[in-house]
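Structure, as structure tokens:
There are 2 protein chains.
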Amino acid sequence: MTHGAALRTLRVHLDERSYPIRIGYDTLDAAGPAIAEATQATRAAIVSVAPVAKRYAPTLERSLRKAGLRSTRLLVPDGDRTKNLRQAAKLYDALLEFGADRSTAVVALGGGVVGDLAGYVAATYLRGVPFVQVPTTLLAMTDASVGGKVGVNLKQGKNLVGAFYQPRLVWMDIATLESLPARQRRAGLAEMIKHAAIWEAGLFERFERDAEKVLALEPTLTAELLERSCAIKAEVVSRDEREAGVRTLLNFGHTLAHAIESLGAYRGLLHGEAVAVGMAFAARRSEALGHAATGSAERLAELLRSAGLPVGVPKHPRRAYLDAMRVDKKRTESRIRFVVLREIGRAEAVPLLPSEILPRRFPEPGWAAGETA
Amino acid sequence: MTHGAALRTLRVHLDERSYPIRIGYDTLDAAGPAIAEATQATRAAIVSVAPVAKRYAPTLERSLRKAGLRSTRLLVPDGDRTKNLRQAAKLYDALLEFGADRSTAVVALGGGVVGDLAGYVAATYLRGVPFVQVPTTLLAMTDASVGGKVGVNLKQGKNLVGAFYQPRLVWMDIATLESLPARQRRAGLAEMIKHAAIWEAGLFERFERDAEKVLALEPTLTAELLERSCAIKAEVVSRDEREAGVRTLLNFGHTLAHAIESLGAYRGLLHGEAVAVGMAFAARRSEALGHAATGSAERLAELLRSAGLPVGVPKHPRRAYLDAMRVDKKRTESRIRFVVLREIGRAEAVPLLPSEILPRRFPEPGWAAGETA
Numbered sequence: 028m029t030h031g032a033a034l035r036t037l038r039v040h041l042d043e044r045s046y047p048i049r050i051g052y053d054t055l056d057a058a059g060p061a062i063a064e065a066t067q068a069t070r071a072a073i074v075s076v077a078p079v080a081k082r083y084a085p086t087l088e089r090s091l092r093k094a095g096l097r098s099t100r101l102l103v104p105d106g107d108r109t110k111n112l113r114q115a116a117k118l119y120d121a122l123l124e125f126g127a128d129r130s131t132a133v134v135a136l137g138g139g140v141v142g143d144l145a146g147y148v149a150a151t152y153l154r155g156v157p158f159v160q161v162p163t164t165l166l167a168m169t170d171a172s173v174g175g176k177v178g179v180n181l182k183q184g185k186n187l188v189g190a191f192y193q194p195r196l197v198w199m200d201i202a203t204l205e206s207l208p209a210r211q212r213r214a215g216l217a218e219m220i221k222h223a224a225i226w227e228a229g230l231f232e233r234f235e236r237d238a239e240k241v242l243a244l245e246p247t248l249t250a251e252l253l254e255r256s257c258a259i260k261a262e263v264v265s266r267d268e269r270e271a272g273v274r275t276l277l278n279f280g281h282t283l284a285h286a287i288e289s290l291g292a293y294r295g296l297l298h299g300e301a302v303a304v305g306m307a308f309a310a311r312r313s314e315a316l317g318h319a320a321t322g323s324a325e326r327l328a329e330l331l332r333s334a335g336l337p338v339g340v341p342k343h344p345r346r347a348y349l350d351a352m353r354v355d356k357k358r359t360e361s362r363i364r365f366v367v368l369r370e371i372g373r374a375e376a377v378p379l380l381p382s383e384i385l386p387r388r389f390p391e392p393g394w395a396a397g398e399t400a
Numbered sequence: 028m029t030h031g032a033a034l035r036t037l038r039v040h041l042d043e044r045s046y047p048i049r050i051g052y053d054t055l056d057a058a059g060p061a062i063a064e065a066t067q068a069t070r071a072a073i074v075s076v077a078p079v080a081k082r083y084a085p086t087l088e089r090s091l092r093k094a095g096l097r098s099t100r101l102l103v104p105d106g107d108r109t110k111n112l113r114q115a116a117k118l119y120d121a122l123l124e125f126g127a128d129r130s131t132a133v134v135a136l137g138g139g140v141v142g143d144l145a146g147y148v149a150a151t152y153l154r155g156v157p158f159v160q161v162p163t164t165l166l167a168m169t170d171a172s173v174g175g176k177v178g179v180n181l182k183q184g185k186n187l188v189g190a191f192y193q194p195r196l197v198w199m200d201i202a203t204l205e206s207l208p209a210r211q212r213r214a215g216l217a218e219m220i221k222h223a224a225i226w227e228a229g230l231f232e233r234f235e236r237d238a239e240k241v242l243a244l245e246p247t248l249t250a251e252l253l254e255r256s257c258a259i260k261a262e263v264v265s266r267d268e269r270e271a272g273v274r275t276l277l278n279f280g281h282t283l284a285h286a287i288e289s290l291g292a293y294r295g296l297l298h299g300e301a302v303a304v305g306m307a308f309a310a311r312r313s314e315a316l317g318h319a320a321t322g323s324a325e326r327l328a329e330l331l332r333s334a335g336l337p338v339g340v341p342k343h344p345r346r347a348y349l350d351a352m353r354v355d356k357k358r359t360e361s362r363i364r365f366v367v368l369r370e371i372g373r374a375e376a377v378p379l380l381p382s383e384i385l386p387r388r389f390p391e392p393g394w395a396a397g398e399t400a
């Protein structure tokens, strides 16, 4: 493979704000010129967490320097609790200290938390400076890097403050995933499978065949499937940038996932794992409620299981799940737009009450965690 | 005059985000239905300062209630120092407390500070909720309500954090200006004169004739001239929403005004007054540097003086002004895009060094404050 060359380029079209996603293997040392071209910046502020920065920032910095960009490294603490207004304020101060102006690019080097936080700061500092994503987790590559959602948490809840702000460039280097624990790769794969399940049966079949190769980070194949997965999200988002309609489909599996996360059941369950559980559940419910023919649910569960992902619902009283689902949606009407799977490759949002979503016997026997997961 | 009817409606076109400015006299009690229609909101959070809220919120609230909107009143302390991240965080908390969702409108009732702060919160809460401006100062009506600039200050400087976010509706009730001190009306008039000076000689002539009537708030005439002034800003902004080119012209008078403000000379000088001084100066310099034929500067100064606005430059060492101008622009190149007045109704941005902008003898004899202001 040619060192430094991108294997794939995907263009995300969002009216006047379109941008390229460049997917490659071992390409971090070529990011500098691409960032310079996409942003026209003269400086770059790299936002990252210590372990990621230690491993990858030097190569990125060298590449930026070669492209004529002065750079600085702004480290934030690791973890979702870091994504708050206080950290954003610290980053504003650090950017001012660096003398950052509108020709300074903010470069997020890391996972979803870093991307959300750095993106929010880029969206609001001086009313917006150029933003670049260099995602280093599979989840951030397939999910957070498309859609323009940036933001921070408040103590009352996640992502309550934010913006829709598109990056100028997303630079994905698959080689950076090699240092990612296998469990986190699987969690990222869950979101890729989600895109296939709601939109494209052909891609779903590819995952049935090649999920293992993605988890092993086989470069050409991973780049191809990443591109197709991102293309689905990009298509959904371009049709519906401000999430009124079709974008809801991206919530497939997330109703239960959010409930699981807020219940604190499986403390330490990764988001992608909770989504896997939520998707398997949603597919079963789709069949049980008569929204889908039999078979899709088992096929989805089988793929998730074979990718090493959990599908069993953590045991908690039904009452607790009902409350958690209501809390999650307390700011809207009592019905939830629940995404059902019509068949593999086709989903639809249906307004349902939490009590309709959860069967009388829940968690269902035979599906609860510990029994099948 | 028909009670409650808008005298004028101006539509601001910014691609998919266009919105109406409705200008009337004694129309606060008709704002509710207009807000409901423009935002499709079911609730409204009125952001204001105590004295303004005391006077005008009850009428607005009654009108919202009649239109079927539940409302709450969120008071912030008065003054520019209030426009900060801490106040924004308090407003997020208050919005959550109110149960605000994406069908909750944030309504700014007050001057520029309230509009900037409330607008920033509206732009970022839940990644953006509907925003409505009900400006109650002439400056906010003519300036802050068009252009979509919202934001807060950091301790390092003004408006360093913010967004471009368009309101869904601007509702101007000229009667709310009756409680505004005459000095503040004059300061607002300065920005209206600015719009005329850079863009439309015919409107400038109207001000030469009718400035007094605007200051007296004669309804029909004030509404007309407000509309024309806003139309100029709207035209400039629509051509150049993200302020790369022609939008610079709106900075006419602001290079020196910012320097005056940052020097703290004339502590308590209103922004519009500083702009008046800055415009008179810029027009003189335009002639002295050969960018304009003789006469425009004196004509502009005469209009400003007759409107009771200062035109004399506060006495401070030239060195201090040079430093202040450089600090203001430290985040860009050393040349400043200084807006020169070619003639009444036509301006142009010219890149100049601070040392070129300020004459050797500065403040100029005969123009320093205390001598002519």
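In the order they appear, the protein sequences are chains X and U.
Take any residue in the first sequence, note its place counting from 1, add 27, and you have its number in our numbering.
Take any residue in the second sequence, note its place counting from 1, add 27, and you have its number in our numbering.
For every residue, glycine included, the Cβ atom is placed at its ideal position computed from N, Cα and C.
Query	Result
Assigned secondary structure, U:Phe125 (DSSP; H/G/I helix, E/B strand, else coil)	coil
Classification of U:Thr151 by the beta-carbon crowding that lies within 10 angstroms, buried from 16 upward	buried
Straight-line gap, U:Arg387 to U:Met219 (C-alpha atoms, nearest Å)	31 Å
7 Å Cβ cut-off: residues of chain U touching X:Val188	Tyr119, Thr151, Tyr152
Buried/exposed call for X:Thr247, threshold 16 Cβ in 10 Å	exposed
Neighbourhood of X:Lys110 by C-beta, 6 Å cutoff - its chain only, sequence neighbours within 5 removed	Val140, Asp143, Leu144, Val179, Asn180
Cβ of X:Phe234 within 8 Å of any chain U Cβ	no
Which of helix, strand or coil DSSP assigns to U:Ala68	coil
Proximity test, Cβ basis, 8 Å: U:Phe125 and chain X	no
4-residue-minimum alpha helix (DSSP H) runs that sit fully inside the region 89 to 122 of chain X, ordered along the chain	none
Below-8 Å beta-carbon distance, U:Lys176 vs any chain X residue	yes
Interface flag, U:Ala171 vs chain X, CB-CB below 8 Å	no
U:Arg373 and U:Thr275 closer than 8 Å at C-beta	no
X:Pro47 beta carbon less than 8 Å from that of X:Arg35	no
DSSP-derived helix/strand/coil call for X:Thr36	strand
Spatial distance of U:Thr163 from U:Leu204 (CA atoms)	6 Å
Any chain X beta carbon closer than 8 Å to U:Leu101	no
Partner residues on chain X for U:Phe191, Cβ-Cβ distance less than 8 Å	Arg154, Gly155
X:Ala65 at chain U interface by Cβ criterion, 8 Å	no
Which residues DSSP lists as bridging X:Met199, in chain order	X:Ile50
Alpha helix (DSSP H) runs wholly inside the region 220 to 283 of chain U, at least 4 long, in chain order	228 to 242, 246 to 266
Coarse secondary structure for X:Pro381, derived from DSSP in three states	helix
Alpha-carbon to alpha-carbon, U:Val366 and U:Arg154	35 Å
Supposed close pair X:Ala303, X:Leu331 - CB separation, criterion 8 Å	5 Å
Segment contact flag, the region 49 to 62 of chain U with the region 196 to 211 of chain U, C-beta cutoff 8 Å, min 3 pairs	yes
Per-residue DSSP class, three states only, for X:Phe405	Because residue 405 of chain X is not part of the residues shown, which for chain X are 28 to 400, the question remains open.
Cβ shell of U:Pro390 (< 7 Å), same chain only, five flanking positions each side left out	Val340, Lys342
Coil, strand or helix - X:Arg358 by DSSP	For X:Arg358, the predicted model reports a pLDDT of 46, less than 50, meaning its position is unreliable and no value from the coordinates is stated.
Backbone CA spacing between X:Tyr192 and X:Lys176 [nearest angstrom]	6 Å
Supposed contact pair X:Gln211 and X:Leu297 - C-beta distance, whole angstroms, cut 8 Å	7 Å
Cβ-heavy atom distance, U:Phe279 to the ligand GDP, below 7 Å	This structure lacks the ligand GDP; in fact it carries no ligand of any kind.
Interface flag, U:Ala116 vs chain X, CB-CB below 8 Å	yes
Sub-8 Å separation of U:Gly309 and U:Gly335 beta-carbons	Here residue 309 of chain U turns out to be Ala, not Gly, going by the sequence shown. Not a contact, by the Cβ cut-off of 8 Å.
For X:Cys257 and X:Asp170, the rounded distance between their alpha carbons	7 Å
Residues that U:Leu112 contacts on chain X, provided the C-beta gap is smaller than 7 Å	Leu112, Ala116
Validate contact between the region 217 to 237 of chain U and the region 73 to 83 of chain U using beta carbons, cut 8 Å, 3 pairs	no
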